[in-house]
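The next block holds one structure in the form of structure tokens; read it before the comments.
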Amino acid sequence: MSPKLALIAAATLIIAMMGGTYVWTQQLTLAACVGGGTVAGDIGGPFTLVSETGETVTDADVITRPSLLYFGYTFCPDVCPLDTVRNAEAVDLLTEKVYDVQPVFITIDPERDTPEVVGDFTFYIHEDMLGLSGSVEQVREAVKAYRAYARKQDTEDEFYLVDHSTFSYLVLPETGFADFYRRDLTPEDMAERIACTLDAV
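Numbering (this note's numbering), first residue to last: 22 to 222.
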């Protein structure tokens with residue numbers, strides 16, 4: 022091998038090693054942010070839903086900045102209002118620290134949660150919260166993509182409940198799913214973990 026080719030090969034190897042070191046360091050940093058939990062995986066993906074204004078939107082239209090997604094329903098008697106308010110408070114704490122995070126509410130009950138109903142709900146929770154509805158199939162696909170759980174109770178009662186999971190998901194425009202948060206976290210704890218993740222990517 023000529024000296025010139027050897028030099029190019031050596032430079033290429035060094036760059037590749039530096040890139041590998043960066044990725045490895047980034048993964049370690051992210052792992053620290055989530056307390057040793059998962060930082061990536063087969064969670065999230067494309068979806069097509071309907072916005073509060075009745076416009077059909079995709080994940081690319083919605084996730085244009087770091088976003089905090091929650092799957093719930095407006096007729097939920099307790100859990101969903103508490104969780105979405107907690108998420109809104111976390112977003113406000115992040116705003117104070119100059120982090121721009123979009124709160125998003127995706128209904129799991131599209132039969133009752135029309136775009137207008139979802140829009141009213143999110144308006145009262147947070148001025149920047151985006152509400153999404155859609156057809157039963159569209160919502161089902163979004164729920165499935167995020168490995169969430171939602172099951173309408175088998176009853177004819179119009180005031181039926183919907184059993185569902187209660188995770189909130191941090192999703193980034195370029196890389197997708199970044200972390201999830203259980204409902205026992207305080208707004209302060211959630212904001213701290215989100216800030217840590219955003220600093221690491």
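Backbone N, C-alpha and C fix where the C-beta goes; we use that ideal spot for every residue, glycine too.
Per-residue DSSP class, three states only, for residue i
| i | result |
| --- | --- |
| Val146 | Residue 146 is actually Ile in this sequence, not Val. Correct three-state label for Ile146: helix. |
| Asp205 | coil |
| Ala171 | strand |
Segment limits, beta strand (DSSP E) that includes residue i
| i | result |
| --- | --- |
| Val122 | Where Val122 is concerned, there is no enclosing beta strand (DSSP E), given that its DSSP letter is neither H nor E. |
| Leu151 | 151-154 |
| Thr69 | 69-72 |
| Asp184 | 183-185 |
| Val227 | Since the first residue of the chain shown is 22 and the last is 222, residue 227 is not available in this structure. |
Whether residue i touches residue j by CB criterion (9 Å)
| i | j | result |
| --- | --- | --- |
| Leu90 | Ile127 | yes |
| Val192 | Pro136 | no |
| Gln123 | Val138 | no |
| Ala166 | Ile84 | no |
| Pro131 | Val157 | yes |
| Phe92 | Phe180 | no |
7 Å Cβ shell around residue i - same chain, five flanking residues per side excluded
| i | result |
| --- | --- |
| Tyr94 | Cys101, Thr128, Ile129, Asp130, Asp134, Val183 |
| Gly152 | Glu73, Phe126, Val139, Gly140, Phe142, Thr143 |
Cβ neighbours of residue i in the same chain (closer than 8 Å, five flanking residues each side left out)
| i | result |
| --- | --- |
| Asp210 | none |
Status (buried if at least 16 other CB within 10 Å, exposed otherwise) for residue i
| i | result |
| --- | --- |
| Ala163 | buried |
| Gly75 | exposed |
| Asp200 | buried |
| Thr79 | exposed |
| Asp205 | exposed |
Other residues of its chain near residue i: CB distance less than 6 Å, five sequence neighbours each side excluded
| i | result |
| --- | --- |
| Tyr202 | Ser189, Met211 |
| Thr69 | Thr79, Gln159 |
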